[in-house]
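Undergrad: Attaching a single structure in structure tokens format; questions to follow.
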């Protein structure tokens, strides 16, 4: 009887672990923290028109107790450091989150990560009746290994982006999360 109780307990623990993994709970802990947005691919005309002016942005991801993600951004623009925060809630799809902050419906999906040094997110945003798509490479540092950049470019092309819509962002020091 005691062995049966222990077996049932172990089975329950295994089931709970599988359910948590299916919901991406293990990955959430890995993606929390500060990241640099080091590369992008986009089909948005406004991004494509100003892509030569864009620099690396910063993001900080906090995993909230309910499984939502709070993401703080510091984005350099000419003469200005834009800072804002968004909350993303899980969808019914694994590794996918959505937000309706600032009146725009956005969805992000974790495409790939090693959990330590990089992650690739696919984002969509609805604007003026159109769905805009973007792939972003996040790195823990401003320096990205060449093989990770190649992986990003390959993933971008697999998602329909061309060389003209893929760009690596130059480093910047003037717009950071830890500064007012």
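Residue numbers (mature numbering (1 follows the signal peptide of the UniProt record, and there is no 0)): -20 to -1, 1 to 160. Each residue gets a CB set at the ideal place from its N, CA and C atoms; glycine is no exception. For clarity, every value in this text was computed on a predicted model and none was experimentally measured.
Return the chain-ordered ranges of every beta strand (DSSP E) run that is complete within the stretch 71 to 135 and spans a minimum of 3 residues.
TA: If we require 3 residues or more, the beta strand (DSSP E) runs fully inside the stretch 71 to 135 come out as 76 to 79, 86 to 93, 98 to 107, 110 to 119.
Undergrad: How would you write the range of the beta strand (DSSP E) that residue 49 sits in, first residue to last?
TA: It spans 49 to 57 - the beta strand (DSSP E) in which residue 49 sits, taken as one unbroken run.
Undergrad: Going by CA-CA distance only, name the one from 84, 85, 92 that's closest to residue 74.
TA: Minimum Cα distance to residue 74 is reached at 92.
Undergrad: Residue 35 by DSSP, collapsed to three states: which one?
TA: In the structure shown, residue 35 sits in coil (DSSP, three-state: anything other than H, G, I, E or B).
Undergrad: Can you tell me whether DSSP reads residue 157 as helix, strand or coil?
TA: Note: residue 157 maps to coil in three-state DSSP.
Undergrad: Using the rule of at least 16 other Cβ atoms within 10 Å of the residue's Cβ for burial, across every protein chain shown, is residue 126 buried or exposed?
TA: It counts as exposed.
Undergrad: Quick check: the Cα distance between residue 44 and residue 50, rounded to an integer number of angstroms?
TA: So the alpha carbons of these two residues sit roughly 7 Å apart.
Undergrad: Need the endpoints of the alpha helix (DSSP H) that residue 26 sits in, please.
TA: Run containing residue 26: 25 to 30, per the alpha helix (DSSP H) assignment.
Undergrad: Check residue 14 in the structure and name its three-state DSSP category.
TA: Of the three classes helix, strand and coil, the one that applies to residue 14 here is strand, per DSSP.
Undergrad: State the Cα-Cα distance for the pair residue 13 and residue 143, rounded to the nearest angstrom.
TA: Their backbone Cα atoms lie some 30 Å apart in a straight line.
Undergrad: Look at residue 132 and residue 23 and say whether their C-beta atoms are less than 9 Å apart.
TA: Against a cut-off of 9 Å, the Cβ pair of residue 23 and residue 132 comes out as no contact.
Undergrad: Just the C-alpha distance for residue 8 and residue 61, rounded to the nearest angstrom, thanks.
TA: C-alpha separation (whole angstroms): 27 Å.
Undergrad: Let me confirm a value: residue 145 is counted as buried when at least 16 other C-beta atoms fall within 10 Å, else exposed. Which label applies?
TA: Label assigned to residue 145: buried.
Undergrad: Under 6 Å Cβ to Cβ from residue 150, same chain only, skipping five residues before and after it: list those, please.
TA: Result list for residue 150: 35, in chain order.
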